[in-house]
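Convert by adding 33 to the 1-based position in the sequence shown; the result is the number in the working numbering.
Note that beta-carbon positions come from the ideal geometry of N, C-alpha and C, so glycine has one too.
Notes follow once the structure below has been shown.
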Amino acid sequence: LFLAAIAPALSLEPLQEIAIGHGWVEQSIESTAINFKLKDPTAVAFTQKNATLILTQDDYNLCLLQGDCSIAMAGTATEQFIGLGKPAIAIPGNGPQYTPAFAEAQTRLLGPSLILVEQPEQVADILQQLLLAPDWLQLIGENGRRRMGKPGAARRIANCLQERLMLSTSKD
34 LFLAAIAPAL SLEPLQEIAI GHGWVEQSIE STAINFKLKD PTAVAFTQKN ATLILTQDDY
94 NLCLLQGDCS IAMAGTATEQ FIGLGKPAIA IPGNGPQYTP AFAEAQTRLL GPSLILVEQP
154 EQVADILQQL LLAPDWLQLI GENGRRRMGK PGAARRIANC LQERLMLSTS KD
């Protein structure tokens, strides 16, 4: 299963055309053998042999939780994935955001959990290496959780701020 969380600002049409051009057949989401519920009514599914590809623009969290590995071209999204203890393979682009310099700096921040490649063609080899290296996957998992911290930080920060604001208001 391949899950593609596509930025809402982008059109899915060119991606659909590319998938079809590479032999993927469009299917209804309901006819695929996925065992989770998508909330995105515009999600599109494709199949090829035993593989399923889902393009979604509204189910990033589901992709984050269901995915085992990320192929990424985004900063914060990559960090969220790594924080769950999962590997991310990053491909820097020519756009204004995920530049080679930014990707290299992010690699220093995230350590071995972020695997930087120069060309998309390198991704398949990295995926194969990951599948054959359980020790590497364990290291990536531990590293990601250690560097990014436990889930729920935003809630803990909000609770702390709320408590402090309530204390300061009660003193006034």
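List the DSSP bridge partners of residue 87. 36, 78
Touch check for the stretch 143-154 and the stretch 121-129: three-plus C-beta pairs under 8 Å? yes
Exposed or buried, residue 190, counting other C-beta atoms within 10 Å across all chains shown (16 or more means buried)? exposed
Alpha carbon to alpha carbon, how far is residue 84 from residue 278? Give it in angstroms, no decimals. Past the edges of the chain, shown from 34 to 205, lies residue 278, and the structure says nothing about it.
With H, G and I counted as helix, E and B as strand and the rest as coil, what does DSSP make of residue 60? strand
Quick check: residue 60 and residue 78, are their CB atoms within less than 8 Å of each other? yes
Determine, using beta carbons only, whether residue 48 and residue 95 come nearer to each other than 8 Å. Cβ atoms of residue 48 and residue 95: not closer than 8 Å.
When the Cα of residue 43 is compared with those of 72, 187, 91, 132, which residue comes out closest? Distances from the CA of residue 43 to each of 72, 187, 91, 132 were compared; the closest alpha carbon is that of 91.
Beta carbon of residue 86, beta carbon of residue 135: below 8 Å? No. Outside cutoff.
Rounded Cβ spacing between residue 172 and residue 102 (contact assumed at less than 8 Å): 14 Å between Cβ atoms; not a contact.
Would residue 114 pass as a contact of residue 142 if the rule is Cβ separation under 8 Å? no
Taking the alpha-carbon of residue 181 as reference, which of 192, 116, 166 has the nearest alpha-carbon? 116
Report the option in 112, 68, 204 whose CA atom is closest to the CA atom of residue 178. 112
Alpha helix (DSSP H) segment containing residue 5, residue limits: Residue 5 lies beyond the stretch modelled for the chain, which goes from 34 to 205, so this question has no answer here.
Nearest candidate by alpha-carbon position, reference residue 73, set 62, 66, 80: Here the closest residue by C-alpha is 62.
As assigned by DSSP and simplified to three states, the class of residue 149: Residue state, collapsed to three classes: strand.
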